[in-house]
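S.K.: So the protein sequences, as listed, match chains A, B and C.
Residue numbering for the first sequence follows the numbering used here, starting at 1 and increasing by one per position.
Residue numbering for the second sequence follows the numbering used here, starting at 1001 and increasing by one per position.
Residue numbering for the third sequence follows the numbering used here, starting at 2001 and increasing by one per position.
One structure, as structure tokens, below. Some questions next.
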Amino acid sequence: MTATLSATLFQELENLVLIDPHSHINPLSAASKNLADLMGYHYYTELAHSAGLPKDQIEGPEITPKEKVGRLVEKLADLDNTIQVSWLLEMCREFFGFADDRITKDNWESLYDSAEQKMSQPDWEQQVLKHSKLEKVFLTNDFDDPLEGFDTGVYIPCLRTDDLVFHFLKKAVRDRLHKATGIEAIDAGTLRTAIGKLFQHFVAKGARACAISLPPTFSPVKVDPGAASTIIKHAVKGQRLTNSEQDMLSSFVFWTLTEYCAEFKLPFDLMIGVNRRVYEAGVYQGQDLYDTRVSLIQYKEVLNAFPQVTFPISVLTHMSNQELVSYSWIFPNIVANGHWWYSNTPTYIELDTRSRLEAVPRNKQIGYYSDMYKLEFALPKFRMYRRILARVLAEDFVQRRGWSEDQALALGKQVLRGNVETIFHI
Amino acid sequence: MTATLSATLFQELENLVLIDPHSHINPLSAASKNLADLMGYHYYTELAHSAGLPKDQIEGPEITPKEKVGRLVEKLADLDNTIQVSWLLEMCREFFGFADDRITKDNWESLYDSAEQKMSQPDWEQQVLKHSKLEKVFLTNDFDDPLEGFDTGVYIPCLRTDDLVFHFLKKAVRDRLHKATGIEAIDAGTLRTAIGKLFQHFVAKGARACAISLPPTFSPVKVDPGAASTIIKHAVKGQRLTNSEQDMLSSFVFWTLTEYCAEFKLPFDLMIGVNRRVYEAGVYQGQDLYDTRVSLIQYKEVLNAFPQVTFPISVLTHMSNQELVSYSWIFPNIVANGHWWYSNTPTYIELDTRSRLEAVPRNKQIGYYSDMYKLEFALPKFRMYRRILARVLAEDFVQRRGWSEDQALALGKQVLRGNVETIFHI
Amino acid sequence: MTATLSATLFQELENLVLIDPHSHINPLSAASKNLADLMGYHYYTELAHSAGLPKDQIEGPEITPKEKVGRLVEKLADLDNTIQVSWLLEMCREFFGFADDRITKDNWESLYDSAEQKMSQPDWEQQVLKHSKLEKVFLTNDFDDPLEGFDTGVYIPCLRTDDLVFHFLKKAVRDRLHKATGIEAIDAGTLRTAIGKLFQHFVAKGARACAISLPPTFSPVKVDPGAASTIIKHAVKGQRLTNSEQDMLSSFVFWTLTEYCAEFKLPFDLMIGVNRRVYEAGVYQGQDLYDTRVSLIQYKEVLNAFPQVTFPISVLTHMSNQELVSYSWIFPNIVANGHWWYSNTPTYIELDTRSRLEAVPRNKQIGYYSDMYKLEFALPKFRMYRRILARVLAEDFVQRRGWSEDQALALGKQVLRGNVETIFHI
């Protein structure tokens, strides 16, 4: 009975048209051109590499898209248990009519060709949006992105700020900032002004969020502008900073960004917990991991200092989920946001979804975002989430708490779509 | 079949008369007088505030109980997914005959009035105790509580010691200690004697436990009385202590309390992991959170030093539950105690219950306590736990391990009631 | 339907003949001689002690095996909820025809006698291997084990290295190394040579792995041989080392072992997270616990430095499992290995199995090992795992992802046996 109910709720949730509140879509090339665009997603390259495929077999300018797919396919048999490969199969079935239960060396070429043909249709991007029931998609834009050449009503800009907070020391970053704003950031004041310019530009182009990913060691504090200026001057001169100076600089930039989020009424997406380049010989985007020893208490000061800023927070691991639940339950300015990266697998999504739905106010939860690089991924990823959400609604709310189907469905729709609208003012 | 069995076991467990081993009941005013007493519970005020209700709308001397309820009701729709609101509904149904499935602006006033009428009956407290099948309820008493004016056979005193361990530096705390004991604590010896007086008083009044809540950073060590005396003298003079001195002072008091627990044969309830005042602008009792980075290994020294003292340990988070399971399985003097605060939601209760029942000796587990401030909460909270316990017994023990229903039920009764009697010597 | 499918898959998995990739079997006395050999397993002694049985009642040279069992039996009623006692019952039923549902003071003596009779049959060891469907069993050998007197085709040697890495400071350890290799390790070079001799000996005897258990604080780094030599010379002279020197010495030995694993193509089993002697008054082998605050990032340097070495990693707690999943998914040289010790209970095994099967390449997972001291334990332990594995395959793969039974079964067989063969080159 629960299984039937769960299936019914899933079908209802499948009908919902979505706004995807976080992706890495390039709006100038949103959909894929061939299977290599799909299988080049780091999930497949890193899993294939982890399973034994040498990196140089799949990375290098001389490898054609078709060769790359052929080599990845040879490793797919070792990965077919992963949920990520199930997304790939679901895309192939849904978009290209693939009918086998595995992609193998015997069937991949015809799949490749039929997919390429389909993807070369001029309205492919529109087909994918429509078939996936995607109305709008949030982007992740470099701070110096001109934000031109695309419909910002569909692809919503989001100011990504990792470079500013963690890589201001790099001349290339400072040069980009200079070029984007016309301002040379040489002290706290000019850096502040330059960042203000970025916000003006992004908000004028319809940006609906500022975002950043953060290492597990980061704990922002308010830094005196005078002290910040001294450090910025050192940095600009190319002098080496101590770890403590680097932390202060990062804190100063982070704090300044938060002040502008307050001023421009932009939610600040915090994606907490990633260590970059842990496996240095890994494939592109397949080098990052984490240290579970992280706590939201590291953000106590900034959360208290900015009650007027909404912080949709994503945590990298299931181990941080209970903190996210509890902190969202207490702090009015925290929203529990999606299921990020290493937590984006069914076992963890299910537990995290259950715990959030039973303890966080329903208006403070964003159920899911795709985090995708190519548009085709929204369908299988959101579908995975909808299946789990339907099951949790069926078991925890209808079966155990006696809710009606309609009440459960309304809750599902709110976390899947409604809250995205209210929280990001869409 | 499992569902039926689970329902049967639940009904059997519902018949069990309980001793609640931890609450914050005021025995001079144990039951509620109106709906504001129920909805003023921090779970509702903090969730409503988190969902957007300004603190000054619900806190302030000028707000009448009825106004307060009215304002909270307006936010209930944003919280109706939470398990806490399901407790509220269950109380209203069970005690006041409320028949709707939501409390709304249209039906709350009549609910308020009918509840107030019911609660004004002279035997309301007895009705609640009887209807909730509560035989005895443990209290949480300030160290200077006179423990008078109530039946200590029903409301069992418990010596709460946070103030002594963490706030001895405050003159008000020292004055209270002086007044309660007639002893001025000016060095290690006099402090020890004063604390001894408290134990004598509490034990004479039928206290069955000493208790304390502890921050995640605390790690008690044995402190030399001479060193402690020096620090106490500084403290008494109003001098500022270093962090290290404050830690030593806390350790000294904690250790002294433990010595008296040994002498007076009182279990020492440790409630581990809470950071106070993390969200400083929060509502009353809605400001505390935590840092998951805590370990029971911090208590290694005291656990080894006092094999004769029973430590019923509660952990604030599911993330600490496996440590509690493993430490209870190894240390004879640890009892796994209840599901505390941020872990007191069904997803975490279920996992924690499963893991304890399969790995900790059955005589070393206290299934649940209410942690309630008002008597009416025992019913929905214990019922939530009984539902989960019944399900775990049905699935893990009857279905998977082939136990008979009677055997499973006996296990359930032992963790719900039997162990409370043996562990606290009732 | 899922229950039926799960039962079918379980039966199929039960037919699989196993290679147990980690045990503590003494190959010269692999099977038990009486019930005391089974009930002397630390799980029973430590749980009975934890439940209230004084240590001196079960430890001491004057206690006969039968007396010991009699005393443990008196405490069994307090432990019968534990999964460990369910293993005991399953062994008694399976091997000795025990038909009651509890072992009590009324029935244990006849069980003891019939078990002893059965175990005294000359081919008992062979009966157990055959009945348990065990083809080969990995050992845990001291570094100075002569590895003689047994069939290394059945009992596969494994070089255990805790003593070398953490106890080189002890003269007894250095003497054993000297005696085993003929080399006196007095500096980095001679220590290196001596360790090389151990590898030669073990590999010549058919060893298939090197192994070590590691405390949560350990974080190996590459140490300069000159610096190591200085420390080793101090150690050999019996001088006290600072904590930092002790860490460097441990790192140096660990790094040297890893170099030899590379040279001899041996996987290096890392068992991460145990603190020894936390409860110092505990029974034999019942004193160790842990601190969940540990991360695989502590192994970043060694994992990057030795891409050619396979590291089957076990983690002590469920709290570390997600890191193991993520690190196995990224690092080609990590294999997720079994369910160790405090995580070896059904609740944690199920969650950990689900999360691994959905995110780690299927060729990089070793489902289970027994960790047993006596041969009879393989049957109930592996059976517990097979039940859980069957359930996960039925629910997650067949039911939710549409796999065929055969496909699911093939995955189960691979993690239960196939990967043991490929990873350890058997």
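By construction, the Cβ of each residue, glycine as well, lies at the ideal position given by its N, Cα and C atoms.
For the region 1305-1324 of chain B, which residues have a CB atom closer than 7 angstroms to at least one CB atom of chain A, in sequence order?
M.R.: If the cut-off is 7 angstroms between Cβ atoms, the region 1305-1324 of chain B has T1317, H1318 and M1319 near chain A.
S.K.: How many angstroms separate the CA atom of Y1327/B from the CA atom of H1318/B?
M.R.: Between Y1327/B and H1318/B, the C-alpha separation is close to 15 angstroms.
S.K.: If you follow the beta strand (DSSP E) that R192/A is part of, which residue opens it and which one closes it?
M.R.: No beta strand (DSSP E) contains R192/A, which is instead part of the alpha helix (DSSP H) from A188 to A204.
S.K.: If we ignore side chains and look at the alpha-carbon of each, how far apart do V1309/B and M1271/B end up?
M.R.: Computed Cα separation, rounded: 16 angstroms.
S.K.: Need the endpoints of the alpha helix (DSSP H) that S328/A sits in, please.
M.R.: Run containing S328/A: N321 to I330, per the alpha helix (DSSP H) assignment.
S.K.: Counting only C-beta atoms, is P332/A closer than 8 angstroms to chain B at any point?
M.R.: It does; some Cβ of chain B falls within 8 angstroms.
S.K.: At 8 angstroms on the CB atoms, spell out the chain B contacts of N455/A, in chain order.
M.R.: Residue coverage of chain A in this structure runs from 1 to 426, which leaves residue 455/A outside it and unanswerable.
S.K.: Using a cut-off of 7 angstroms between C-beta atoms, extract the partners of Y471/A located in chain B.
M.R.: The shown model of chain A, from 1 to 426, leaves out residue 471/A, and the question about it has no answer.
S.K.: Which residues in chain B sit within 7 angstroms of S355/A, going by Cβ to Cβ distance?
M.R.: Result: T1345, T1347 and Y1348.
S.K.: Do the region 1287-1298 of chain B and the region 1208-1227 of chain B make contact, defined as three or more Cβ pairs closer than 8 angstroms?
M.R.: Taking 8 angstroms as the limit for Cβ pairs, the verdict is that the region 1208-1227 of chain B does touch the region 1287-1298 of chain B.
S.K.: With R160/A as the anchor, note down where its beta strand (DSSP E) starts and where it stops.
M.R.: Counting along the chain, the beta strand (DSSP E) containing R160/A begins and ends at C158 to R160.
S.K.: Consider the Cβ of K1265/B: report whether some Cβ of chain C lies at a distance smaller than 8 angstroms.
M.R.: No, K1265/B does not count as interfacial toward chain C.
S.K.: Report all residues from its chain with a CB closer than 8 angstroms to the CB of A2408/C; omit the five preceding and five following residues, and keep chain order.
M.R.: Excluding residues within five positions, the ones whose Cβ falls inside 8 angstroms are L2009, L2393, A2394, F2397 and V2398.
S.K.: Just checking my contact of D1078/B with P361/A at CB under 8 angstroms: how many whole Å lie between their CB atoms?
M.R.: Sure, about 5 angstroms apart at Cβ, within 8 angstroms.
S.K.: According to DSSP, simplified to helix, strand and coil, what is E135/A?
M.R.: It is a strand residue.
S.K.: Between T1258/B and I1083/B, is the Cβ-Cβ spacing less than 8 angstroms?
M.R.: Contact flag unset, no.
S.K.: In chain C, what lies closer than 9 angstroms to I1366/B by C-beta?
M.R.: Within chain C, no residue comes near I1366/B; the closest Cβ sits about 14 angstroms away, beyond 9 angstroms.
S.K.: Tell me which same chain residues have a C-beta within less than 6 angstroms of the C-beta of R71/A, skipping the five on either side of it?
M.R.: Q57 and I58, listed in sequence order.
S.K.: Along the chain, where does the alpha helix (DSSP H) containing R1020/B start, and where does it finish?
M.R.: It should be noted that the sequence gives Asp, not Arg, for residue 1020/B. From DSSP, D1020/B is part of no alpha helix (DSSP H) but of the beta strand (DSSP E) over L1018 to D1020.
S.K.: In the DSSP assignment, find the beta strand (DSSP E) that holds N141/A and state where it starts and stops.
M.R.: Premise fails: N141/A is in no beta strand (DSSP E) and is neither H nor E.
S.K.: Using the beta-carbon of each residue, which ones in chain B are nearer than 8 angstroms to R386/A?
M.R.: Those do not exist, as R386/A stays about 17 angstroms from chain B at its closest Cβ, beyond 8 angstroms.
S.K.: Report the option in W1341/B, L1316/B and V1073/B whose CA atom is closest to the CA atom of K1105/B.
M.R.: That would be V1073/B, whose Cα lies nearest to the Cα of K1105/B.
S.K.: With distance defined between alpha-carbon atoms, name the residue in Q298/A, D175/A, G182/A and R276/A nearest to V221/A.
M.R.: Among Q298/A, D175/A, G182/A and R276/A, the Cα nearest to that of V221/A belongs to Q298/A.
S.K.: Identify the contact partners of R293/A in chain B, using a Cβ-Cβ distance below 7 angstroms as the criterion.
M.R.: By Cβ distance, chain B contributes R1293.
S.K.: Does M2278/C get closer than 8 angstroms to chain B when you measure Cβ to Cβ?
M.R.: Note on identity: in this sequence residue 2278/C is Val, with Met being the wrong assignment. Closer than 8 angstroms to some Cβ of chain B, the Cβ of V2278/C qualifies, so yes.
S.K.: For S1120/B, is the classification buried or exposed, using 16 other Cβ atoms within 10 angstroms of its Cβ as the cut-off for buried?
M.R.: Result: exposed.
S.K.: Quick one, which residues of the region 211-225 of chain A are near chain B if we go by CB-CB under 8 angstroms, in chain order?
M.R.: Of all residues in the region 211-225 of chain A, none has a Cβ within less than 8 angstroms of some Cβ in chain B.
S.K.: Using beta carbons (cut-off 8 angstroms, strictly below), is Y2342/C in contact with chain B?
M.R.: Yes, because at least one Cβ of chain B sits closer than 8 angstroms to the Cβ of Y2342/C.
S.K.: Taking 8 angstroms as the threshold (beta carbon to beta carbon), is L2005/C in contact with chain B?
M.R.: Taking Cβ atoms only, chain B never reaches closer than 8 angstroms to L2005/C, which makes this a no.
S.K.: Determine, for K1300/B, whether the minimum Cβ-Cβ distance to residues of chain C falls below 8 angstroms.
M.R.: K1300/B counts as touching chain C.
S.K.: Please state whether the Cβ-Cβ distance between P1332/B and P1312/B is less than 8 angstroms.
M.R.: No; because the gap between Cβ atoms is not below 8 angstroms, this pair is not in contact.
S.K.: Mapping DSSP to helix, strand and coil, what is S1213/B?
M.R.: Note: S1213/B maps to strand in three-state DSSP.
S.K.: List the residues of chain C whose Cβ lies closer than 9 angstroms to the Cβ of Y82/A, in chain order.
M.R.: The sequence shown places Thr at residue 82/A, not Tyr. Result: W2329, L2357, E2358, A2359, V2360, P2361 and R2362.
S.K.: Output yes if chain B places a C-beta closer than 8 angstroms to the C-beta of L411/A; else output no.
M.R.: By this cut-off, L411/A is an interface position.
S.K.: Taking 8 angstroms as the threshold (beta carbon to beta carbon), is E2014/C in contact with chain B?
M.R.: Chain B contact via Cβ: absent.
S.K.: Once you ignore the five residues that flank L1111/B on each side, which residues in its own chain have a CB closer than 8 angstroms to its CB?
M.R.: Excluding sequence neighbours, L1111/B sits near L1035, C1092, F1096, F1098 and I1103.
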